[in-house]
Amino acid sequence: MRILHLLNHIDSVGNGIVHVAVDLACVQARAGHDVWVASRGGAYEALLARFGVRHVRVDQARRPLAIWRALRTLRALLRDERIEVVHAHMVTGYLLARLLRVGAPWRLVASVHNEWQPSSSLMGGADRVITMSENAIARLAARGMPRDRLRAGRTGTVGSPRLLDVPQEPVRLQQPAIVTVAGLYERKGIAELIGAFDLLAPTHPDAHLYLVGEGPDRARFETLAAASPARARIHFEGFRPSPRPYLTEAAVFVLASHAEPGGLVLPEARDCGCAIVATAVDGSPELLEQGRAGMLVPPRDAPALAKVIARLLDNPAERANWQAAARANLDWLRIERQYEETMSVYRD
């Protein structure tokens, strides 16, 4: 099959949408398909080339001249390379493809990675729309997307091609280490996690909180942390190309999101055998098998979060049970499963 993926960029900055698309393109090419990626470029160009994925530089900036140039480049690419499926992962790429879709022989697939964003509703005109969870299908259908076009494509990161060459330099964390790997955005629940740490810190004087990631709300979270009596035990680690060294050191891994369609870090944390605590929102319960592979708590509830984390810190045997549960039944979280599901959507 001849496949074109559309992305704004392919930078290595912790963007889950980019990670999903790059993984998928590499595995498709490895399976023998002809695969192109169109974007403004970025750090993953070398990885794509290594797998035989051809990158075409297309600036999709929302400026009239850039849009005109992007349409011209994409029209020629679609015609000359006889593309059969265009897979748009971001709204701008989807809108460009829609402008070129009239009378074209190829099919348009759109992945809605952040269905909580109002702009995601614009992608409902694709021939097929892939969501990150079964849970998201009902919500998108309620917003007017045709139900018969929606398909679930749950995150699969175990065996990710992206991590082949990433240095896995070990880190030494002060124990017991509570770790989150997340963009520093309000919706990731970082404020509640800091609040939960404030609540449990007095009774757990050796515990440390590690926040791995970057984002626009970092300054606000740093202000919250600076006001904490346990501020010396709250560590902002910044973005890391691979979270694995932190995950393998975590006594407890936490994802406290308010909205999380299909957090890539949950399969990664499971693969590392973490005792996981996550909020019961969107796709997280599915990735944790409805609480069988990790503990689920309500979102925006720092006391509930603190209680569950403290329970795991206080009970090594229970923590070990949850670590074993995370490692069990991982085959369905492999990248190959996501590849097969996506190809099934293309064939459909």
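Its first residue numbered 713, the sequence shown is counted upward by one per residue in the numbering used here. Glycine residues also receive a C-beta, built at the ideal position from the N, C-alpha and C atoms. Values in this document were obtained by computation on a predicted structure and should not be read as measured data.
List the endpoints of the continuous beta strand (DSSP E) containing residue i.
{"i": "residue 717", "result": "714-718"}
{"i": "residue 770", "result": "Taken as a continuous stretch (DSSP letters only), residue 770 belongs to no beta strand (DSSP E), as it is neither H nor E."}
{"i": "residue 799", "result": "797-800"}
{"i": "residue 1007", "result": "1007-1009"}
{"i": "residue 991", "result": "988-991"}
Around the Cβ of residue i, are there at least 16 other Cβ atoms within 10 angstroms (buried) or fewer (exposed)?
{"i": "residue 881", "result": "exposed"}
{"i": "residue 955", "result": "buried"}
{"i": "residue 873", "result": "buried"}
{"i": "residue 981", "result": "buried"}
{"i": "residue 973", "result": "buried"}
{"i": "residue 868", "result": "buried"}
{"i": "residue 843", "result": "buried"}
{"i": "residue 720", "result": "buried"}
{"i": "residue 805", "result": "buried"}
{"i": "residue 918", "result": "exposed"}
{"i": "residue 1056", "result": "exposed"}
{"i": "residue 751", "result": "buried"}
{"i": "residue 780", "result": "exposed"}
{"i": "residue 727", "result": "buried"}
{"i": "residue 915", "result": "exposed"}
{"i": "residue 904", "result": "buried"}
{"i": "residue 1025", "result": "buried"}
{"i": "residue 896", "result": "buried"}
{"i": "residue 950", "result": "exposed"}
{"i": "residue 978", "result": "buried"}
{"i": "residue 840", "result": "buried"}
{"i": "residue 945", "result": "buried"}
Going by DSSP, which residues form a beta bridge with residue i?
{"i": "residue 892", "result": "923"}
{"i": "residue 748", "result": "716, 766"}
{"i": "residue 821", "result": "799, 840"}
{"i": "residue 862", "result": "841"}
{"i": "residue 965", "result": "891, 988"}
{"i": "residue 1046", "result": "870"}
What does the alpha-carbon distance come out to for the pair residue i and residue j?
{"i": "residue 783", "j": "residue 971", "result": "33 Å"}
{"i": "residue 927", "j": "residue 933", "result": "10 Å"}
{"i": "residue 852", "j": "residue 991", "result": "21 Å"}
{"i": "residue 883", "j": "residue 952", "result": "11 Å"}
{"i": "residue 911", "j": "residue 787", "result": "57 Å"}
{"i": "residue 902", "j": "residue 886", "result": "20 Å"}
{"i": "residue 859", "j": "residue 767", "result": "33 Å"}
{"i": "residue 723", "j": "residue 737", "result": "15 Å"}
{"i": "residue 1012", "j": "residue 968", "result": "8 Å"}
{"i": "residue 963", "j": "residue 983", "result": "15 Å"}
{"i": "residue 741", "j": "residue 929", "result": "37 Å"}
{"i": "residue 837", "j": "residue 1060", "result": "16 Å"}
{"i": "residue 871", "j": "residue 808", "result": "32 Å"}
{"i": "residue 1052", "j": "residue 764", "result": "19 Å"}
{"i": "residue 1030", "j": "residue 1014", "result": "21 Å"}
{"i": "residue 774", "j": "residue 1039", "result": "43 Å"}
{"i": "residue 802", "j": "residue 725", "result": "16 Å"}
{"i": "residue 920", "j": "residue 948", "result": "11 Å"}
{"i": "residue 1042", "j": "residue 731", "result": "19 Å"}
{"i": "residue 1033", "j": "residue 1047", "result": "26 Å"}
{"i": "residue 713", "j": "residue 755", "result": "26 Å"}
{"i": "residue 960", "j": "residue 891", "result": "10 Å"}
{"i": "residue 795", "j": "residue 827", "result": "27 Å"}
{"i": "residue 816", "j": "residue 1044", "result": "35 Å"}
{"i": "residue 813", "j": "residue 957", "result": "44 Å"}
{"i": "residue 1058", "j": "residue 821", "result": "8 Å"}
{"i": "residue 900", "j": "residue 761", "result": "33 Å"}
{"i": "residue 925", "j": "residue 999", "result": "21 Å"}
{"i": "residue 942", "j": "residue 845", "result": "37 Å"}
{"i": "residue 1002", "j": "residue 847", "result": "12 Å"}
{"i": "residue 811", "j": "residue 791", "result": "15 Å"}
{"i": "residue 799", "j": "residue 1028", "result": "45 Å"}
{"i": "residue 1022", "j": "residue 987", "result": "12 Å"}
Starting from residue i, trace the alpha helix (DSSP H) in both directions and tell me its first and last residue.
{"i": "residue 783", "result": "776-792"}
{"i": "residue 849", "result": "846-854"}
{"i": "residue 950", "result": "Where residue 950 is concerned, there is no enclosing alpha helix (DSSP H), although the beta strand (DSSP E) it sits in stretches over 946-950."}
{"i": "residue 761", "result": "757-762"}
{"i": "residue 1023", "result": "1014-1026"}
{"i": "residue 902", "result": "902-912"}
{"i": "residue 994", "result": "Careful: residue 994 lies outside any alpha helix (DSSP H) and carries neither H nor E."}
{"i": "residue 943", "result": "No alpha helix (DSSP H) contains residue 943, which DSSP labels as neither H nor E."}
{"i": "residue 740", "result": "728-742"}
Comparing the CB of residue i with every heavy atom of the ligand GDP, is any distance shorter than 7 Å?
{"i": "residue 863", "result": "With respect to the ligand GDP, the structure shown offers nothing to examine, as it has no ligands at all."}
Specify whether the segment 935-942 and the segment 990-1001 touch according to this definition: at least 3 beta carbon pairs, one from each stretch, less than 8 Å apart. The segment 935-942 and the segment 990-1001 do not touch, with fewer than 3 CB-CB distances between them shorter than 8 Å.
Between the segment 714-734 and the segment 743-763, do at least 3 Cβ pairs fall closer than 8 Å? Enough Cβ pairs lie closer than 8 Å, so yes.
Just checking, does the segment 828-835 make contact with the segment 1016-1024 on the three C-beta pairs under 8 Å criterion? Put simply, the segment 828-835 does not touch the segment 1016-1024. Fewer than three CB pairs are less than 8 Å apart.
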